[in-house]
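Novice: Here it is, the structure, as structure tokens.
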């Protein structure tokens, strides 16, 4: 659910045993840190996340230990760091490290005794609930903003505590109050009866039998402040720089991927709510301003902003239709398209003239979310709260909508592939729906981890894969469409709730942002942007 009082259960893994780990590292001229992680018996600890967090720059790098418990942290900048090791079943361990030219650090044995608080992912909390309709209603109503791995969101409450927090969410912001569309007392009783948060299941994130991608480097960049919401980000194809919008502070932030250095560009509009970001093929960065109902474009070379109006009262401009390479997509007339969460419409924008046209959708009210442009010029969309998907013919204005087969599916931000197939994440059931618009047939793929709540799907044309969030399991999933098999990428930080995914093919990297809201739920005082360097 959301916010409120504490009960600090610290996030990701369960600490069951004491751990000792030996860190045998040397620093070559290239500032490469090597080491090994073992248990108290001297046995290798496999798939432990080793994180080196800079004390001087807003960034960290993480790698996983191999089958011998060894790790390598390459290409490091000199300076002071904190070394942190996490693995399910062991206590977290940290120490200070000074990285310099050819320094050699003596072997160190670290051991911790005593009990460790539970460190669990969000799906461990949800997995303990019975698979009943109320569970899926809860997931679609609450995980749209909050990861249940949060020590605040995932804590037990009594009946009145649940009533109070649900009502707080309804009143927090009218933008998303429609999402919490269940009966308050009924939901509160169900959560108390089923003892929400009292006995999460002990789920090992690296349990055997899943296709993990472990030979990766994960970079995390701290952005903004405690109030920030790093909702969406995009990677600049030419430079490889990351760009993120701070929804709360009205700032566009550029991140240098190598040094973590950041440049901030204040928006010319205040209280704007920067939401979705996508580049176009001309190198311009487009973004939606949800709270002011506008669309903007930014020129990275000049630092100039341009803001477009005319999207109607209460528009809550949301998402762009974008192509299989992640660029804002233009139709045959050169227009771009955006979904409007607030006024039940889709909108076209002519970037040259600024002309905006609204297309009213079905029903008196509706909250269109994801949007896609098919090869025949039609616009496809999802309505998350209404459990619908639909299609608009812009030439005739004709609209068709239909419900998803199961209630509370939570159809979220979808994408379209090069064969006119929609890929729709179903947040309520932790699955990915493929819908062929030519044949009208569909297929549902269960994600590798149960009780996850995927937010967005991203088709990647150059690799013919689909990426989807494993929110609640601190993961990203990659579906290979040729083999129809998933890969699992675990993220190192607790409460790794991600939204949009952006590709950097030139540098073999994938970017995203940690966007559970607010930051305090994840025990962070800043936003986080993530870059994953693939093997």
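Residue numbers (my numbering): 114 to 648.
Note that the Cβ used here is the ideal one computed from N, Cα and C, for glycine as well.
Thinking just about the alpha-carbon of each residue, which of 481, 526 and 577 is nearest to the one in residue 514?
Specialist: Of the candidates 481, 526 and 577, the one whose C-alpha sits nearest the C-alpha of residue 514 is 481.
Novice: Pull up the CB-CB distance for residue 350 and residue 309, whole angstroms please, since I reckon it's below 8 angstroms.
Specialist: About 44 angstroms separates the two Cβ atoms, so there is no contact after all.
Novice: Tell me which same chain residues have a C-beta within less than 7 angstroms of the C-beta of residue 397, skipping the five on either side of it?
Specialist: The residues are 410, 411 and 412.
Novice: Considering only DSSP beta bridges, list what residue 528 is partnered with.
Specialist: Paired residues: 536.
Novice: Per DSSP, residue 622 forms a beta bridge with which residues?
Specialist: Note: residue 622 sits in a beta bridge opposite 617 and 646.
Novice: Between which two residues does the alpha helix (DSSP H) harbouring residue 281 extend?
Specialist: Per DSSP, residue 281 belongs to the alpha helix (DSSP H) from 272-285.
Novice: Can you name, in chain order, every residue of its own chain whose Cβ lies under 6 angstroms from the Cβ of residue 646, other than the five neighbours on each side?
Specialist: Here the set comprises 330 and 622.
Novice: Look at residue 355 and residue 585 and say whether their C-beta atoms are less than 9 angstroms apart.
Specialist: Cβ atoms of residue 355 and residue 585: not closer than 9 angstroms.
Novice: Using the Cα positions of residue 519 and residue 244, report the straight-line distance between them to the nearest angstrom.
Specialist: Looking at the two C-alpha atoms, the distance is approximately 14 angstroms.
Novice: Report the option in 498, 432, 529 and 516 whose CA atom is closest to the CA atom of residue 250.
Specialist: With distances taken between Cα atoms, residue 250 lies closest to 498.
Novice: Put residue 388 into one of helix, strand or coil per three-state DSSP.
Specialist: Residue 388 falls in the strand class under three-state DSSP.
Novice: Since residue 484 and residue 459 should fall inside the 8 angstroms C-beta cutoff, what is the C-beta to C-beta distance between them, to a whole number of angstroms?
Specialist: Sure, about 7 angstroms apart at Cβ, within 8 angstroms.
Novice: Going by C-alpha distance, which of 563, 175, 176 and 624 is nearest residue 545?
Specialist: Taking only the C-alpha atoms, the option nearest residue 545 is 563.
Novice: Thinking just about the alpha-carbon of each residue, which of 521, 501, 295 and 491 is nearest to the one in residue 508?
Specialist: The shortest Cα separation from residue 508 among 521, 501, 295 and 491 belongs to 491.
Novice: Give me the Cβ distance between residue 338 and residue 634, rounded to the nearest whole Å; I'm assuming they're in contact under 8 angstroms.
Specialist: The Cβ separation is near 15 angstroms, so there is no contact.
Novice: Which residue from 254, 363, 573 and 506 puts its Cα closest to that of residue 527?
Specialist: The shortest C-alpha separation from residue 527 is found at 573.
Novice: Taking Cβ to Cβ, would you say residue 407 is nearer than 9 angstroms to residue 433?
Specialist: Taking 9 angstroms as the Cβ cut-off, residue 407 and residue 433 do not qualify as a contacting pair.
Novice: Got a sec, what are the start and stop residues for the alpha helix (DSSP H) residue 236 sits in?
Specialist: Element bounds for residue 236: 235-240.
Novice: For residue 263, which residues from the same chain have a beta carbon less than 7 angstroms from its beta carbon, with the 5 sequence-adjacent residues on both sides left out?
Specialist: Only 608, 629, 634 and 635 meet the Cβ criterion.
Novice: Going along the chain, which residues of its own chain have a beta-carbon closer than 6 angstroms to the beta-carbon of residue 581, five neighbours each way excluded?
Specialist: Result list for residue 581: 538, 545, 567, 570 and 590, in chain order.
Novice: When DSSP labels each residue in this structure, what does residue 178 get in the three-state scheme?
Specialist: Coil at residue 178, not helix or strand.
Novice: Distance, Cα to Cα, residue 166 vs residue 534?
Specialist: Roughly 41 angstroms between the two C-alpha positions.
Novice: Under the assumption that residue 604 contacts residue 626 (Cβ atoms under 8 angstroms), give the Cβ distance between them as a whole number of angstroms.
Specialist: The pair is not a contact, with the Cβ atoms about 11 angstroms apart (cut-off 8 angstroms).
Novice: Could you have a look at residue 503 and say whether DSSP puts it in helix, strand or coil?
Specialist: Note: residue 503 maps to strand in three-state DSSP.
Novice: Distance, Cα to Cα, residue 371 vs residue 176?
Specialist: Taking the straight line joining both Cα atoms gives about 16 angstroms.
Novice: Rank 471, 611, 577 and 375 by C-alpha distance to the C-alpha of residue 540 and give the top, closest one.
Specialist: Residue 611 is the option with its Cα nearest to residue 540.
Novice: Quick check on the DSSP output: what are the complete beta strand (DSSP E) runs of length 3 or more inside the region 330-409, in order along the chain?
Specialist: If we require 3 residues or more, the beta strand (DSSP E) runs fully inside the region 330-409 come out as 330-336, 343-348, 355-359, 364-368, 375-379, 387-392 and 398-402.
Novice: Going by DSSP, what residue range makes up the beta strand (DSSP E) through residue 418?
Specialist: Here the beta strand (DSSP E) through residue 418 covers 417-421.
Novice: In three-state terms, what does DSSP make of residue 431?
Specialist: Of the three classes helix, strand and coil, the one that applies to residue 431 here is strand, per DSSP.
Novice: If I measure Cβ to Cβ from residue 438 and keep anything under 6 angstroms in the same chain, skipping five residues before and after, which residues do I get?
Specialist: Same-chain partners within the cutoff: 574.
Novice: Report the three-state DSSP secondary structure of residue 632 (helix, strand or coil).
Specialist: In the structure shown, residue 632 sits in a helix (DSSP, three-state: H, G or I).
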